[in-house]
Every structure is written in C-alpha cells, then in structure tokens.
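Asks: So the protein sequences, as listed, match chains A and B.
Using our numbering, read the first sequence as starting at 4 and increasing by one per residue.
Using our numbering, read the second sequence as starting at 12 and increasing by one per residue.
Input: one structure, supplied below.
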Amino acid sequence: MAQADAVPNKANAATDASPGQPSEQPEESNVPSSADKVLEVSDLRKYFPIVRGFFRRQVGEVKAVDDVSFHVNRGETLALVGESGCGKTTTGRCVMRAIEPSGGGVLFRKRDGEEIEITTLSRPDLRAVQQHMGMIFQDPFSSLNPRLTVLEIIGEPFVTRKLIRGRRQLEERVAELLRSVRLDPTYMRRYPHAFSGGQRQRIAIARALALDPDFVVADEPVSALDVSVQAQILSLLKELQTELHLTYLFITHNLSVVEYLSDRVSVMYVGQIVELGRTDAIFERPRHPYTEALLSAVPVVETGKAGRRRERIILEGDVADPSNVPHGCTFHPRCPYVQDVCREEEPQLIDLAGANGSQPHFVRCHFAEELDLQGVRH
Amino acid sequence: MTQAPLLLSVDNLATHFFSQEGILEAVDGVSFDIHAGEALGIAGESGCGKSVTAQSILRIVPKNGKIVTGEISLIQNGETVDLVQLDDRGQEIRQIRGGEIAMVFQEPMAAFSMVYTIGNQITEVIRLHQECSQDEARERAIEMLQRVGMPQPEVTIDAYPFALSGGMRQRAMIAMALSCHPALLIADEPTTAVDVTIQAQVLELMKDLQRDMGMALIVITHDLAVISELCDRVMIMYLGKDVESAPADVIFRDPKHPYTVGLLRSVPELGEGHSQELDPISGSVPSPYRRPTGCPFHTRCPEFIPDVCDVHMPPQIELGAGHRVRCHLYVQD
C-alpha cells in the first residue's frame with residue numbers, strides 16, 4: 004500500500020469522532036445499515052473511585068473505561084484486545100450491565116428489531132433483556148457452582164425465569180444443549196468436578212446459550228485451558244456461531260486468537276480504544292504504534308517458512324496507570340515515534356476510511372496517516 | 012560447530028508421587044543432556060511432568076514425591092556429581108541450588124518474600140554463595156539489577172516486591188537467580204503470567220543474558236513459540252514420557268510424533284489469517300492415575316495402530332542427529 008493513499012482528511016476527522024455515531028455514513032454501501040447492529044455503545048465510561056481514610060473520602064478515580072464507542076454487527080465477532088488493565092473486561096461487563104457504567108449509552112437491538120437502551124432500564128426490565136445475552140467466563144473452575152449438577156447449572160435460567168415447568172421437558176432441553184456443545188447428555192447428573200477443564204468450558208458455553216441469546220460476551224474463554232483443548236473450544240465457538248447465528252463480543256489478550264476468530268477488532272489501551280477496524284486490514288497494516296508493537300511482540304514458531312521472522316519492537320516500560328494517565332496521548336511514554344505534540348495534545352479517534360475509500364478504520368494517533376507501520380504478513 | 016562440554020546429563024529419570032489415590036508417575040524414564048551454554052526447551056501440557064523434571068534436578072520435589080530411579084549428573088570442572096545421590100537437605104545440594112543451578116518461577120510474587128526488600132533477598136543469596144561483605148553484596152545486587160534493565164537500580168533495590176509491577180518483579184527475580192552466575196538457569200513458565208509486551212521484553216532479556224554470560228538454560232513452557240524464540244533443542248513431554256526431542260529447527264519444520272504434530276496444529280498462528288484451519292487433538296490429557304497402557308498417547312492419537320500402540324510402550328528411536336522419538340510409526344523391523 005503506497006503512502007500516497009493516506010491523504011490527510013482532517014476535516015472529516017474533526018466532525019467524526021466516534022464510531023457508533025450515524026455521522027460516519029459517507030460510505031454507506033459498505034457499512035451494514037443500523038438495523039443490523041446488535042449493539043451500539045456510545046461514550047461508555049466506568050470510573051472507579053479511589054477512597055481513603057475513615058470517612059472514605061474520594062481522592063481520585065481509576066478511569067477503567069473512558070469514552071468507549073463501538074458497535075457490533077449482527078452475526079459478526081468483534082474482538083476487544085489489549086493488555087491487562089486496559090479495560091476490556093470492564094467494557095464487557097458494562098455492556099451487559101453486570102456492573103453499572105458511570106456514563107454513556109448501550110443500545111441493544113433484538114432480533115425482531117426492537118431497540119432497548121440498556122443503561123436506563125430498571126432491574127426487572129434489565130433481567131428480561133439479559134435473556135438475550137449470554138456470557139462465558141475465563142476460568143471454568145470457578146464459574147461453575149461445584150454443588151450443583153450439570154442439569155441444575157444449565158437448567159437454572161429456565162427455572163428462575165419460569166420458562167419450563169416440567170422436569171421432563173427441562174431434561175430434554177438440557178440434553179439438547181449438551182449435545183450442541185458436543186457433550187454426552189447422559190453426563191447431566193454429574194457434578195462439575197467430574198469434568199476436565201475443556202468439558203467444563205463446554206458446560207459453561209451450554210449455560211450461556213441456554214436461553215437462545217443473540218449476543219454472547221466471551222471473556223477470555225480459552226486462556227485457562229490447555230493448548231490442545233483451546234483449539235477444540237475455539238472451533239466449537241466458530242461452529243456454534245454459524246449454527247445459531249450468534250454475535251460475539253470476544254475479549255482476549257491473545258492476538259493469534261483474534262486473527263483466527265474475529266471479523267473486526269478493537270484495540271484498547273488504558274481505558275480507550277486506540278484502533279478499531281477490520282481484523283485483516285489492521286493486522287496487515289496497523290495504523291497505531293501500539294497495535295504494531297502488540298503484533299510484533301507475539302512470539303512465533305519458527306517453522307522454516309519464508310518471511311516469518313519479523314523485526315521485533317520492544318516497548319519500554321509498563322502499561323500506564325489508569326488512575327494517573329499520562330498527559331496528551333496515553334501511549335506517548337512508550338511510543339517509539341513520539342513527537343512533541345503527543346506529549347501535549349490528546350489525539351482524537353479519527354476514521355481513516357475516507358482516506359483510502361474502504362471500510363471504517365478508526366485510529367487514535369496524531370500521525371496515523373503519516374506512519375508506515377509493519378503488520379503481520381499473510 | 013564444536014560441541015561445548017557436557018554440563019548436565021539426565022538419564023532415565025523417574026519421579027513418582029505416592030498418595031492415597033495411588034502412585035502417580037509424574038516423570039517416567041526421561042533422559043536428556045545439556046551442554047554448556049545451550050538452551051533446552053521442555054514443552055507439554057499441564058500434568059505432563061515438565062515442572063517435576065525441573066524440581067527433580069534441584070531436588071525440591073514436594074514431600075510425597077520421590078525420585079525412584081535414574082541419574083542426574085552435573086559435570087563441573089571435570090568433576091561429576093550425581094544429584095540423585097545427594098541428601099536433599101544437605102550442604103552440597105544447597106551449594107548447587109542458587110549457585111550452580113538457579114531457577115526462575117512463573118509467579119514472581121510467590122518467589123519473593125513480601126516482608127523483605129528485593130535488595131535484602133538478593134544480597135542474602137549472594138552472601139550465601141560467595142564470600143563477601145554486606146556492602147560488596149549490595150553493590151553486586153545493584154549491578155545485577157542494572158544488568159536486567161531495572162530502571163534506577165540504586166532506588167529500586169530498596170523496594171518491596173509488591174511495590175513493583177509484574178514486569179519489574181520478573182526482572183528482579185531473574186536478577187536474583189543470576190546473581191551468583193549459575194552455569195544453568197531453569198526457567199519454569201517465565202512469561203506465562205505477564206502481558207505480551209512484557210513477555211517480549213523478558214524473552215529478549217533472557218536471550219541477551221544467556222549469550223553474554225554463557226550459561227545453559229532450560230525453559231519449561233506450554234508455549235511452543237516461546238521455545239522457538241529461545242531454544243536450541245526441544246523436548247516434548249506427554250504424561251511423564253519424553254515423546255520427542257530434537258534440535259529446534261528440525262522439530263518445528265519436520266515434527267515426527269503425532270502429539271508434536273497435533274500441538275503445532277492446534278494453536279492459531281499469527282499471520283495465517285481468518286481462514287486457517289485448526290486441527291485440534293481430540294479429547295484431553297487422561298488422569299495420570301489412570302495412565303493408558305502401551306503408548307500413553309494412543310487414546311488421542313490419529314495414527315493409532317490397534318493391538319500395537321495400546322499394548323506395547325514404543326521404544327525410543329533415533330531418527331537422525333539428535334532427533335529421538337517414541338512412536339511405533341517409526342519402528343523398523
């Protein structure tokens with residue numbers, strides 16, 4: 004891709020600061036219309052107070068999620084990727100309202116087109132909406148209650164919501180769910196301890212899918228599993244997506260998994276999205292120095308194939324402290340391309356799509372259009 | 012390339028654990044050699060015995076475990092010591108631990124004591140193994156911290172472990188392990204607990220240190236990519252057996268054992284795109300208490316030969332320079 008493609012279009016950038024906004028419509032033909040968006044998150048914020056002393060005086064706040072906007076199209080997988088402490092899990096939980104966001108909006112669109120603003124719902128209404136959302140957690144050893152049988156674990160959503168009354172009917176539905184995650188239905192009377200890590204994660208997936216959700220938040224679903232089992236779960240998630248037309252918000256730190264599973268990716272750094280766009284485009288040519296560094300940091304197996312060795316960028320120092328974010332661009336203390344303006348002025352999330360006439364590609368960097376960054380080769 | 016002198020030779024090592032549920036054969040007949048300055052990677056899934064192998068070398072196997080058979084010979088200045096014969100609480104092994112052979116653990120928070128500064132803990136190691144005064148030891152500790160890239164070592168030496176970030180703690184632990192210039196460093200999952208950008212820093216550091224100090228390295232990990240970055244030789248373990256060992260460039264280009272092939276195919280590779288096919292190994296690692304008969308991998312093996320694999324333990328077969336595999340597929344008769 005030639006440098007000349009990247010014609011600066013600051014005019015567009017100034018007005019168009021967030022991806023969830025309808026103002027991004029010039030390339031309407033490529034972008035799915037808003038009816039196909041399952042989730043639209045706008046300016047989501049979650050600040051945790053830091054309190055000190057006997058009177059629990061607030062002395063500061065941790066900006067875990069700071070003005071995050073994105074949308075998820077129906078049937079796609081959006082990956083949230085970043086290092087620990089970047090706010091990806093908090094974002095996932097705020098979207099489900101498993102924790103209360105401090106501000107911003109989350110618009111959920113049901114399969115029949117009904118739009119629901121999640122952040123303002125009352126508790127009972129929220130429960131009704133959460134029926135359409137599932138969640139899979141990282142550690143299947145702590146996310147399943149050891150005192151309940153598999154039947155009780157997977158059947159619980161039906162019982163608490165009074166959706167199925169008869170015992171027989173419940174067992175049938177649970178057996179069906181177990182079969183869909185490739186587990187033997189005769190195991191349903193066993194307790195979680197009788198299963199291996201991979202099998203437990205399958206049970207957790209069956210539970211998340213119990214109420215036939217449209218939208219599933221998967222928070223590091225394979226990180227705690229053995230290498231050979233990870234691949235089984237990843238393949239299963241991919242198969243289920245096609246079978247059940249699921250939409251995933253996939254939270255992970257593993258970039259190889261992102262590439263394997265996601266259609267679009269949002270790279271987060273210290274509570275903010277620094278880059279958002281199509282996974283293949285970003286992996287081929289990242290526009291944010293942090294994305295470039297993340298991609299180059301992943302160790303690869305040297306199989307002797309040509310062109311595998313890439314020059315490695317080693318970032319200095321650690322992820323910035325979200326309670327005390329650096330002035331200007333949050334990434335500037337570690338950025339190899341840092342300029343004076345980065346230390347002073349906070350960059351906005353701008354869309355580069357206008358510049359190269361393709362899919363939306365948002366970047367939060369002053370020099371997104373000038374830098375020629377290295378991705379992974381295909 | 013001239014062969015460096017042999018440093019450590021492990022021969023037919025077997026470490027078993029004795030518990031109420033029965034005998035757990037954590038390591039069962041593992042052999043390998045390490046030459047001075049060489050880096051060996053031990054890979055495998057959880058429960059394959061890679062950590063217990065390291066613990067056996069340092070003689071820090073947990074109480075209910077015991078080295079049943081085998082020899083671990085450490086060759087230093089022409090003298091050979093069989094570590095298995097030493098008293099695991101005696102003076103000799105304590106000189107070797109931290110002196111000749113040092114270890115870096117996965118979780119740096121667990122390796123450091125919370126109530127002493129890292130400087131305290133590093134100087135303690137130095138003074139245990141080397142004759143020097145408190146001031147000299149402190150100076151060496153600062154030097155070591157500087158060597159591992161700790162910012163402001165004169166200040167951070169007086170920091171408590173909890174005050175440091177994950178990457179810094181990992182560096183401090185490497186500094187402590189290297190403070191007595193060991194001939195062999197064992198790193199057990201050195202980067203599993205840290206983020207990718209920190210992992211890249213730590214890997215780069217370990218590569219530099221190994222080259223500059225000429226020490227041998229054993230890296231224990233489940234991540235084959237980490238081994239590919241760091242190691243000259245690779246040993247793949249499965250349920251306590253060394254199923255395949257070979258030079259790194261050979262094993263990743265041309266893996267022979269079905270388990271090695273499966274491991275390599277089951278991780279998505281960065282740069283291979285959205286459409287890459289994963290070929291996961293079916294099932295999961297069996298309980299070590301119910302070890303399959305014959306070849307331990309036969310229950311999951313795509314190349315399973317009935318009446319052979321489930322009956323006989325495959326012998327170790329030499330396939331070429333330093334490439335050994337335990338599989339019936341390569342038995343010639």
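All C-beta atoms, glycine included, are put in the ideal place defined by N, C-alpha and C.
1) When you compare only the Cα positions, how much space is there between B:S20 and B:V159?
2) Between B:V63, B:H46 and B:P317, which lies nearest to B:D253 when the distance is taken from Cα to Cα?
3) Does the separation of the CB atoms of A:V277 and A:V268 fall below 7 Å?
4) Could you tell me whether the segment 225-242 of chain A touches the segment 155-171 of chain A, using the rule of 3 or more Cβ pairs below 8 Å?
5) Given a cut-off of 7 Å, decide if B:D99 and B:Y70 are closer than it, judged by their beta-carbon atoms.
6) Have a look at the DSSP bridge pairing and note the partners of A:V303.
7) Specify whether the segment 318-325 of chain A and the segment 262-278 of chain B touch according to this definition: at least 3 beta carbon pairs, one from each stretch, less than 8 Å apart.
8) Among the candidates B:I129, B:E165 and B:L228, whose CA atom is the shortest distance from the CA of B:Q181?
9) Check whether the Cβ atoms of A:C368 and A:P350 lie closer than 7 Å to each other.
10) Within 10 angstroms of the Cβ of A:R112, are there 16 or more other Cβ atoms? Answer buried if so, exposed if not.
11) Would you please verify whether the beta carbon of B:I71 is less than 7 Å from any beta carbon of chain A?
12) Figure out for me which residue from A:E295, A:I206, A:D70 and A:V184 has the closest Cα to the Cα of A:Y194.
13) Flag this pair as yes or no: are the beta carbons of A:R337 and A:G320 separated by less than 7 Å?
14) Could you tell me the alpha carbon to alpha carbon distance between A:V44 and B:Q212, rounded to whole angstroms?
15) Please list the terminal residues of the continuous beta strand (DSSP E) segment that includes B:L214.
16) Check distances from the C-beta atoms of the segment 58-73 of chain A to those of chain B and list, in chain order, the residues that come in under 9 Å.
17) Look at A:G137 and A:V219 and say whether their C-beta atoms are less than 7 Å apart.
18) Give, in chain order, every residue of the segment 198-212 of chain B whose Cβ lies closer than 8 Å to some Cβ of chain A.
19) Compute the distance between the beta-carbons of B:E255 and B:V336, then report whether it is under 7 Å.
20) Taking only beta-carbon positions, decide if A:A300 is within less than 7 Å of chain B.
21) Kindly list, in the order they appear in chain B, the residues whose Cβ is closer than 8 Å to that of A:D321.
22) Look at B:P303 and B:H309 and say whether their C-beta atoms are less than 7 Å apart.
23) Between A:L258 and chain B, is any beta-carbon pair separated by less than 7 Å?
24) Just checking my contact of A:F383 with A:D354 at CB under 8 Å: how many whole Å lie between their CB atoms?
25) Three or more beta-carbon pairs under 8 Å between the segment 293-304 of chain A and the segment 228-238 of chain B, yes or no?
26) Could you give the distance in angstroms between the alpha-carbon of B:Q14 and the alpha-carbon of B:G40?
27) Helix or strand or just coil, what does DSSP make of B:I153?
28) Compare the C-alpha of A:V65 against each of A:S238, A:V84, A:G56 and A:C89 and name the closest.
29) Please report how far the alpha carbon of B:L18 lies from the alpha carbon of A:A67, in whole angstroms.
30) What residues match up with B:A198 in a beta bridge as DSSP calls it?
31) Taking 7 Å as the CB-CB limit, is A:G201 close to chain B?
32) Name the DSSP bridge partner or partners of B:L17?
33) Answer with yes or no whether the minimum CB distance from A:T92 to chain B is below 7 Å.
34) So which residues of chain A does B:Q287 contact, with C-beta pairs closer than 7 Å?
35) Please state whether the Cβ-Cβ distance between B:G58 and B:P299 is less than 7 Å.
36) Kindly list the residues whose CB is nearer than 6 Å to the CB of A:P25, restricted to its own chain and excluding five residues on each side of it in sequence; keep chain order.
Replies: According to the data block:
1) 29 Å
2) B:V63
3) no
4) Between the segment 225-242 of chain A and the segment 155-171 of chain A there are fewer than three C-beta pairs closer than 8 Å, too few to call the two in contact.
5) Position check: residue 70 of chain B holds Arg in this sequence, whereas Tyr was assumed. Yes; because the gap between Cβ atoms is below 7 Å, this pair is in contact.
6) Looking at the DSSP output, A:V303 shares a beta bridge with no other residue.
7) Short answer: they don't touch.
8) B:I129
9) yes
10) Answer is buried; the Cβ neighbour count reaches 16.
11) It does not; no Cβ of chain A falls within 7 Å.
12) A:I206
13) yes
14) 35 Å
15) First-last for B:L214: V207 to M224, but that is the alpha helix (DSSP H), not the beta strand (DSSP E).
16) none
17) yes
18) D206, V207, T208, I209, Q210, A211 and Q212
19) Note that the C-beta distance between B:E255 and B:V336 is below 7 Å.
20) Chain B contact via Cβ: present.
21) S176, G177, G178, M179 and I209
22) yes
23) Under the 7 Å criterion on CB atoms, A:L258 is classed as interfacial with respect to chain B.
24) Given a span of 4 to 381 for chain A in the structure shown, any question on residue 383 of chain A remains unanswerable.
25) These segments touch.
26) Between B:Q14 and B:G40, the alpha-carbon positions lie close to 25 Å from each other.
27) helix
28) Answer by Cα proximity: A:C89.
29) 50 Å
30) Looking at the DSSP output, B:A198 shares a beta bridge with B:V115 and B:V230.
31) Between A:G201 and chain B, the shortest Cβ-Cβ separation is below 7 Å.
32) B:H46
33) A:T92 is outside the set of residues whose beta carbon lies under 7 Å from a beta carbon in chain B.
34) Y263
35) yes
36) Low local confidence applies: a pLDDT of 44 at A:P25 is under 50, so the model's placement there is unreliable, with the coordinate-based value given in what follows. Result list for A:P25: empty, nothing under 6 Å.
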